[in-house]
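What follows is a single structure, written as structure tokens, with notes after it.
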Amino acid sequence: MNNPFFELGIRHDIVNAITELGFENPTPIQEQSIPVLLTGSNDFVGLAQTGTGKTAAFGLPLLELLDFEENYPQALVLCPTRELCLQIANDLKNYSKNMNNVNVVAVYGGASISDQLRQIKRGVQIVVATPGRMLDIINRKAIDFSQVQFVVLDEADEMLNMGFQEDIDSILSTTPEDKKTWLFSATMPSEVRRISKKYMTDPYELTMGAKNTGNANIEHEYYIVRARDKYAAFKRIVDFNPEIFGIVFCRTKIETQEIAEALIKDGYNADSLHGDLSQQQRDKVMKRYRERSLQLLIATDVAARGIDVNDVTHVINYSLPDEIENYTHRSGRTARAGKTGVSISIIHGKEIHKIRQIEKVIGKRFIKAEIPTGFDVCEKQLFGLIHKVHNVEVDEQQIEQYIPRIMDEFADLSKEDLIKRFASIEFNSFLAYYKDAPDLNAPEDTRAASRDGGERFPRTGNRSDFTRLFINLGSVDGFTRGDLLGYFCNQTGISGRTIGKIDIKGVYSFLEVANDDTDKAFASFKEAEYKGRQVRIEISADGGDNRGSFGGGYKKRDGGGRRDGNSNRGNERNGGGSFRDFSGKRREDRTERRKRY
Ligand code: AMP
1447 MNNPFFELGI RHDIVNAITE LGFENPTPIQ EQSIPVLLTG SNDFVGLAQT GTGKTAAFGL
1507 PLLELLDFEE NYPQALVLCP TRELCLQIAN DLKNYSKNMN NVNVVAVYGG ASISDQLRQI
1567 KRGVQIVVAT PGRMLDIINR KAIDFSQVQF VVLDEADEML NMGFQEDIDS ILSTTPEDKK
1627 TWLFSATMPS EVRRISKKYM TDPYELTMGA KNTGNANIEH EYYIVRARDK YAAFKRIVDF
1687 NPEIFGIVFC RTKIETQEIA EALIKDGYNA DSLHGDLSQQ QRDKVMKRYR ERSLQLLIAT
1747 DVAARGIDVN DVTHVINYSL PDEIENYTHR SGRTARAGKT GVSISIIHGK EIHKIRQIEK
1807 VIGKRFIKAE IPTGFDVCEK QLFGLIHKVH NVEVDEQQIE QYIPRIMDEF ADLSKEDLIK
1867 RFASIEFNSF LAYYKDAPDL NAPEDTRAAS RDGGERFPRT GNRSDFTRLF INLGSVDGFT
1927 RGDLLGYFCN QTGISGRTIG KIDIKGVYSF LEVANDDTDK AFASFKEAEY KGRQVRIEIS
1987 ADGGDNRGSF GGGYKKRDGG GRRDGNSNRG NERNGGGSFR DFSGKRREDR TERRKRY
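Taking the numbering used here, the leading residue of the sequence shown gets 1447, the next gets one more, and so forth.
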């Protein structure tokens, strides 16, 4: 039988390579764009979500069209993030592994420029680049784009979001007038429309699905909860989906950290990804997520750009994004490569109008879902466990030697007793946790919403239940919040579950303990030392960052601490471009995003 990729015009050695990657049939965007792009004579605009096979849609035609006997840059692919850049370069190398002399170079920030310059010098036909570093290399006169025939602008909307417009202009001005430009974008805000007009003549336009719509394989759900129940509701949703492999979106760095820490403390495999991480830390988190050592990745919009992990089952909007466009980007992280996925939004009753606006933009209805009851969760977990028992692979050889002793140990138990006990090992903790669990669903009622107080963060119970303690250890002693939590709990024997908010400052920190545990905390720190230094704890008098009457000398430092705390709460918003917010207003918002990457 003829391989459908042959029929699209792709040659054998490439088809063989992609067959090894598991590409049996072209995805819809590949089917429709490859024949057009293979002519090499059109500008092109493709509106498609991430994960739909865009890379091969432009990558395979590029491999067909370029002259690999020559060693000068013939194609330039610009994309918004380092991750995507590496992914595209890697994909192109994989597609061309049976071809001779194909040289692809990935050019991106945050890595050694000299390596990249060396690779360029050796000869390259396809450059895949993020705009900032590309411009840097152009300014060093280290590359000659005068013979570029094709420019691909991948995830154009993201590049504009990130404020790369000027860089793109400068880069493209070094390429020939008669090159062909292929633009791919998940959404078509007017900014993208404008650049397509600016850089292209009469482009061939391909829209997969309606404009700006999300992927048809994504189901959109929303849950309405009271602000103070948000974290508990979120956990319930996670517990109700034992096989979840999800990305949880928050609006701020602080929120991602708080949620991730709370989840880790509660025994989940989670970590956070945000703009303050170094590239190395970021790579580490992503590696763990890809390898599935992490089940939940808690991320900001900016940090999650370019995440190309397949098989993400759920996207959870812990907070709705500021811009509607970002909802499409977030939900596009699931249901990649023809799979299905769920995009969940946990909202407050007064946010329902935002859901209605998103529905209009993506052209799809949301399903209103109910937070499962404690009973539902326990039932789901129990049968999840039973399912696992059914499916577990038994290593007969290894287990064989233990069987007689195991049988002996269980000789006094009936089969029914045994099943009950095995099932209870994991199930008990859920039963205990969800015993008397309240209904967390809130009405879609703005009056109820406004009566509902502020959001209670995971560790920030009712403030009056906590005593805020000062401790003379902080970040200069190498403490993160997790470290301090561990240290404090070890020292006092107080359960981490009962600790409230933790604020790490420079030479000191604050942490909230349940009122009933205060005496225990003081007793435990009576003669405590840390690295030869006496550790002191004191009660912070006003419950805020000012410690008031307990040692006025600290007052000054507290004032400074407060400012730090606030600045840390900076909102990681979209930089560059102007976007519609939920109020329908245009917002000019050129912030610092590019600095972070
Ligand atoms: P992309 O949108 O290019 O990032 O592709 C998303 C995922 O789909 C990647 O893991 C690709 O390897 C995979 N993929 C792309 N095209 C095909 C295809 N025709 N058949 C199967 N998988 C594909």
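Ideal Cβ placement from N, Cα and C applies to all residues, glycine included.
Within 9 Å, strictly: CB atoms of residue i and residue j
i     : j     : result
D1615 : V1823 : no
M1634 : C1525 : no
F1504 : L1530 : no
F1876 : L1930 : no
Y1773 : I1792 : no
I1442 : G1499 : Residue 1442 lies beyond the stretch modelled for the chain, which goes from 1447 to 2043, so this question has no answer here.
D1603 : G1578 : no
P1507 : Q1571 : no
L1493 : F1630 : yes
K1643 : F1596 : no
Y1879 : G1820 : yes
T1465 : N1449 : yes
F1956 : D1962 : no
G1946 : V1922 : no
Residue i classed as buried or exposed, judged by whether at least 16 other C-beta atoms fall within 10 angstroms
i     : result
N1607 : buried
M1545 : exposed
A1552 : buried
Q1853 : For the record, residue 1853 in the displayed sequence is Met; it is not Gln. Exposed, because fewer than 16 other Cβ atoms sit within 10 Å of the Cβ of M1853.
I1690 : buried
L1509 : buried
Y1848 : exposed
S1636 : exposed
D1863 : exposed
G1809 : exposed
P1675 : Note that residue 1675 is Asp in the sequence shown here, rather than Pro. By the neighbour-count rule (16 or more Cβ atoms within 10 Å), D1675 is buried.
F1856 : exposed
H1760 : buried
Secondary structure of residue i, DSSP reduced to three states
i     : result
T1576 : coil
T1944 : helix
C1696 : strand
H1720 : coil
S1421 : This structure does not reach residue 1421, given that the chain is present from 1447 up to 2043, and the question cannot be answered.
R1802 : helix
T1477 : Per the sequence presented here, residue 1477 reads as Glu, with Thr not at that position. Helix at E1477.
D1949 : strand
K1814 : strand
E1890 : coil
R1564 : helix
R1927 : helix
F1996 : Note that F1996 scores a pLDDT of 26, beneath 50, so its modelled location is shaky and nothing firm can be said.
Y1518 : coil
R1905 : Because the pLDDT at R1905 is just 42, under 50, the model does not fix this residue reliably, and the point stays unresolved.
L1484 : helix
E2018 : Reliability of the predicted coordinates at E2018 is poor, the pLDDT of 28 falling under 50, and the value obtained from them is presented with this limitation in mind. E2018: coil per DSSP, three-state reduction.
Q1571 : coil
Q1980 : strand
E1975 : strand
Opening and closing residue of the alpha helix (DSSP H) in which residue i lies
i     : result
C2044 : Outside the shown range of the chain, which is 1447 to 2043, sits residue 2044, and nothing can be said about it.
L1493 : That residue, L1493, is in no alpha helix (DSSP H); its beta strand (DSSP E) goes 1490–1493.
V1638 : 1636–1645
Y1880 : 1861–1880
I1852 : 1849–1855
V1684 : 1676–1686
E1510 : 1500–1511
A1983 : For the record, residue 1983 in the displayed sequence is Ile; it is not Ala. I1983 -> not in any alpha helix (DSSP H); beta strand (DSSP E) instead, spanning 1983–1985.
V1835 : 1820–1837
A1967 : 1964–1970
A1602 : 1602–1607
F1469 : F1469 -> no alpha helix (DSSP H), and no H or E assigned at all.
E1846 : 1842–1846
F1451 : 1450–1453
For residue i, the first and last residue of its enclosing beta strand (DSSP E)
i     : result
F1630 : 1626–1631
T1913 : 1912–1917
F1956 : 1955–1960
F1596 : 1596–1599
E1667 : 1664–1670
E1651 : 1650–1653
V1464 : Going by the sequence as given, residue 1464 is Ile instead of Val. Here I1464 belongs to no beta strand (DSSP E); instead the alpha helix (DSSP H) covers 1458–1466.
V1553 : 1550–1553
Entirely enclosed beta strand (DSSP E) segments - the region 1711–1797, minimum 3 residues: 1716–1719, 1742–1746, 1760–1763, 1787–1793
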